[in-house]
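Residue numbers (this note's numbering): 594 to 700. Using N, Cα and C, we set each Cβ at its ideal position, and we do this for glycine too. Read the structure below first, then the notes.
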């Protein structure tokens, strides 16, 4: 399994969690890439809830990713703290879906 990050994701994830926590998330997703819930109407984007030390799962982070099954890749797109954002807007989901479609077409 190959994990690919957008530049935005890399910047955001470094603020949201330490390296060890991110490594744990990666291990879970490599073992079970469909662990995140499918986001309806997003073209296959998934959202997984992940804990932040001291905040638990409900107050933790949300990671948006896409599992490219044909190439066995995880495309890490975006992350946010639940305390900062309840859910992504339709416009944000549309932009992330467009990024995925562009990447698919480049392959």
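Checklist entry - residue 684 by DSSP, collapsed to three states: which one? => result helix
Checklist entry - Quick one, which of 699, 667, 696 has its alpha-carbon nearest residue 595's? => result 667
Checklist entry - Helix, strand or coil: which one does DSSP assign to residue 609? => result DSSP, read as helix, strand or coil, puts residue 609 in helix.
Next on the checklist: Mapping the DSSP letters down to three states, classify residue 600 as helix, strand or coil.
Outcome noted: helix
Checklist entry - Is it true that the stretch 677-684 meets the stretch 601-621, where meeting means three or more beta-carbon pairs spaced less than 8 Å apart? => result no
Checklist entry - Does the Cβ of residue 600 have 16 or more other Cβ atoms within 10 Å, making it buried, or fewer, making it exposed? => result exposed
Checklist entry - Do the CB positions of residue 638 and residue 689 come within less than 7 Å of each other? => result yes
Checklist entry - Where residue 628 and residue 677 are concerned, what is the direct C-alpha to C-alpha distance, given to the nearest angstrom? => result 23 Å
Checklist entry - With a CB to CB cut of under 7 Å and the five nearest residues on each side skipped, what residues in its chain are close to residue 632? => result 638, 639, 640, 686
Item to check | Per-residue DSSP class, three states only, for residue 675 | outcome: In the three-state reduction of the DSSP assignment, residue 675 falls in the coil class, being assigned neither a helical nor a strand state.
Item to check | residue 656 (DSSP reduced to helix, strand or coil) | outcome: Correct three-state label for residue 656: strand.
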